[in-house]
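Everything on this sheet refers to the single structure shown next.
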Amino acid sequence: MVLTFIWGTSFILIKKGLVVFRSDELGALRIVIACLSLLPFAIANLRKVEPHRWKFLVASGLLGNLFPAFLFAYAETQLASGLAGVLNSLTALFTLLIGAIFFQQSITWMRMAGILVGIAGTAMLIFTGNGSADFSNAFYGLFIVLATICYGGSANIIKYRLRGIKPIVMSSLALLTVGPMAAVYLATTDAIQKLQYAPGAWEALLYIALLAVFSTAVGLILLNKLIHISTPLFASTINYLIPIVALMWGVLDGETIHLWHYVGMVVILAGVFIVNRAK
1461 MVLTFIWGTS
1471 FILIKKGLVV
1481 FRSDELGALR
1491 IVIACLSLLP
1501 FAIANLRKVE
1511 PHRWKFLVAS
1521 GLLGNLFPAF
1531 LFAYAETQLA
1541 SGLAGVLNSL
1551 TALFTLLIGA
1561 IFFQQSITWM
1571 RMAGILVGIA
1581 GTAMLIFTGN
1591 GSADFSNAFY
1601 GLFIVLATIC
1611 YGGSANIIKY
1621 RLRGIKPIVM
1631 SSLALLTVGP
1641 MAAVYLATTD
1651 AIQKLQYAPG
1661 AWEALLYIAL
1671 LAVFSTAVGL
1681 ILLNKLIHIS
1691 TPLFASTINY
1701 LIPIVALMWG
1711 VLDGETIHLW
1721 HYVGMVVILA
1731 GVFIVNRAK
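Using the numbering used here, the first residue of the sequence shown is number 1461, and each one after it goes up by one.
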């Protein structure tokens, strides 16, 4: 539930950051700040990971952090945050498929049915009532689909290749592998200069910092812990609940909840139940 709240809020924070910064600047800032926030833990634990596991830490850093940070920010330059939220629920589907294809994990019709039910519920939340999807820019949804594929791969790597590493150690080291890449790229942009002359730049940076520290750094630690004590599929099902949090933020901002929104919430919870009860 904590992860659901943190990540359900991330779409608003991305939109706030994009008011001033370009999508690539936002993505780079997000990773750099997240890396710095966990840097003391990374330095303290550099020698506590076996050498052969570093390639998996790099893979986790790229797939679970660097690529999605840029892909989501770019997609949301043209997509409504609601549509971004519903597409994010595809993470559970790709987690299951990647686990079955590359990690010899079992896949059953009941689990697939639960995933599809959950996706149907998220679709109800977005595509009914007053709606928030921008269909004219639906092509940009492909970037989020690609990001969810990355998340699915990272979740399986964490569970099956990085087992036994403490969540905070894994998270800090994974971010350490991609933080310098983001910093080098950030140096080629105008992000730092914008802080000197662009109106609202510091406020936008604050939103990005919140996004980096909570959605990326803290969220990654919690996700790693959740994957280790459960399964990648169970952990990925929280993506079904994220649109509900986004909807609640909308209500606080004066939007209206329709009957079909409540139906969608019930359907989402049913999907989560089916996936996690299926054998």
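By construction, the Cβ of each residue, glycine as well, lies at the ideal position given by its N, Cα and C atoms.
Model, not experiment: these values are computed from the prediction.
- Cβ-Cβ distances below 7 Å link Trp1662 to Leu1655 in the same chain, with the five nearest sequence neighbours on each side left out; the list follows chain order.
- In the DSSP annotation of this structure, the continuous segment of the alpha helix (DSSP H) that includes Glu1663 starts and ends at 1661–1670.
- Across the structure, Ala1502 and Leu1496 are spaced so that their CA atoms are roughly 9 Å apart.
- Of the other Cβ atoms in all chains shown, fewer than 16 fall within 10 Å of the Cβ of His1512; this residue is therefore exposed.
- Rounded to whole angstroms, the gap between the alpha carbons of Phe1554 and Ile1609 is 6 Å.
- Annotated three-state conformation of Lys1626 is coil, per DSSP.
- When C-alpha distances from Phe1694 are compared across Ala1615, Leu1633, Leu1680, the shortest belongs to Ala1615.
- Between the segment 1467–1476 and the segment 1635–1655, the count of C-beta pairs closer than 8 Å stays below three; the two stretches do not touch.
- Taking C-beta atoms as the reference points, Gly1581 and Leu1539 fail to come closer than 8 Å.
- Non-local C-beta neighbours of Gly1574 in its own chain, meaning closer than 7 Å and more than five positions away in sequence, comprise Gly1731, Ile1734, Val1735, Ala1738, ordered along the chain.
- Shown here for Ala1672: same chain residues with a beta carbon closer than 6 Å to its own, the five before and five after excluded, namely Arg1490, Ile1493, Ala1494 in chain order.
- The segment 1627–1641 makes contact with the segment 1668–1685: 3 or more CB pairs, one atom from each, lie closer than 8 Å.
- Taking Asn1548 as the centre and dropping the five residues before and after it, the same chain places the C-beta of Ile1604, Thr1608, Asn1699, Ile1702 closer than 7 Å to its C-beta, in chain order.
- Spanning the alpha carbons of Leu1478 and Leu1665 requires a straight line of approximately 10 Å.
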